[in-house]
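See below for the structure under consideration.
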Amino acid sequence: MQAEVRIPVMLRKLTGGAATVTVDGETIGEIIDALDERFAGFRGELVGDDGSIHRFVNIYLNDEDVRFIDGLGTRLSEGDVVSILPAVAGGRS
2 MQAEVRIPVM LRKLTGGAAT VTVDGETIGE IIDALDERFA GFRGELVGDD
52 GSIHRFVNIY LNDEDVRFID GLGTRLSEGD VVSILPAVAG GRS
């Protein structure tokens, strides 16, 4: 199953500047593994040693946060789009 993955600016250093890449995988976890195989170090930017998605990273499947679906076990369908977004915090009061 191929999925388009949208890469945030902060991770494009790993993809050679590519804003989107296509990888194979049946689940979000497999997509992340495929990204890591193709672009070394990718998994460590998204997933902690305990196997959970870093709290400062959001991963969306077709505009739905995968944390509210099945996390890394979230299954994909043909034509799905995965978006990786860093959490934004801060600002001025």
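Just so it is clear: in the sequence shown, position 9 is 10 by the numbering used here, and no numbers are missing.
No residue lacks a Cβ here, since even glycine has one placed at the ideal position from N, Cα and C.
Note down, in chain order, each residue of its chain lying with its Cβ closer than 8 Å to the Cβ of valine 58, except the 5 sequence neighbours on either side. Glu46, Leu47, Ile85, Leu86, Pro87 and Ala88
Start-to-end residues for the beta strand (DSSP E) that takes in aspartate 25: 21–25
Restricting to Cα atoms, I'd like to know which of Leu12, Gly72 and Phe40 is closest to isoleucine 24. With the sequence shown as reference, residue 24 is identified as valine, and isoleucine is not the correct amino acid for it. The shortest Cα separation from valine 24 among Leu12, Gly72 and Phe40 belongs to Phe40.
Classify valine 58 as helix, strand or coil using the three-state DSSP reduction. strand
Return helix, strand or coil for glutamate 79, following the three-state DSSP convention. coil
Distance CB(valine 6)-CB(valine 83) smaller than 9 Å: yes
Supposed close pair aspartate 50, leucine 62 - CB separation, criterion 8 Å: The pair is not a contact, with the Cβ atoms about 24 Å apart (cut-off 8 Å).
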